[in-house]
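What follows is one structure encoded as structure tokens, with my remarks underneath.
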Amino acid sequence: MREELRRELDGLGAHLALMCGCAGSSMERAVRAVLRADLPLAEAVIGEEAHMEHLRAEGAGCAHRLLMLQAPVARDLRRVVTAMQAGERIARMGGLASHVAGVARRRHPDRALPAELAAPFAEMAALAVGLARRVGDGCAAPLQEQWAERERDDDRVDALHRDLLATVRRPEAGYDVRTGVDVALLTRFVERFADQAVSVARRLDDVVAVRAGGVRG
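If you're matching positions, the sequence shown starts at 1 in the UniProt record's numbering and goes up one per residue.
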């Protein structure tokens, strides 16, 4: 029974890793749609939100079955509950990617971002996608030693978010209201995507610390 529970818990971790991969891919493609004003790509990303919700529901169903049939002890119970919470957050990440794609669709055939803001926005998004992928790796085999790198990248995302907002708000920059709104939305969606990824990673850290009998520093 114990070995069966372990296999099912490992399977749940692999499912979360799959969800992270899907969320990261969706955000990466959504940003590409924004930068290239690619309507078909934007619509494809928007269509993926339903698939992400299906994956979330599938993972939640697996977690509930574990709770009902396997009667996990406290340590494993924490892993199951954490997996359910992580699934919710990863699904939100997929929704945020869809929101980014929605901005690209709304502004088509125009680009939502001025050319001079494309590079910092692309950097911000690449960091956020990288966070999602590292979280996916951690779902399968949590690695606390990534903590410092993860926090550094999250701080960089926040800094780029602030810088982009400050740029469009400067009167001398000459951006119109519509551009300011689009930049605010896009950067907020990406910043929230990164925040959700970091939140999942921190929960995984806590589970690893409990399993190891320690506390994350």
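Heads up, the beta-carbon is just placed ideally off N, CA and C, and yes, glycines get one too.
When you compare only the Cα positions, how much space is there between residue 59 and residue 16? 8 Å
Using a Cβ-Cβ cutoff of less than 7 Å, which residues in the same chain neighbour residue 176 once the five nearest sequence positions on both sides are dropped? none
Can you say whether residue 198 is buried or exposed, counting buried as having 16 or more other CB atoms within 10 angstroms of its CB? buried
Going by DSSP, what residue range makes up the alpha helix (DSSP H) through residue 61? 49-69
With 16 other CB atoms within 10 Å as the buried threshold, where does residue 69 fall? exposed
Backbone secondary structure at residue 113 - three-state DSSP: coil
Use the C-beta contact count for residue 76: other C-beta atoms within 10 angstroms, 16 or more gives buried, fewer gives exposed. buried
To which residues of the same chain is residue 212 closer than 8 Å at the C-beta, ignoring the five residues directly before and after it? Because residue 212 carries a pLDDT of 44, less than 50, the predicted location of this residue cannot be relied on, and no value is offered for it.
With DSSP collapsed to three states, give me the class of residue 170. coil
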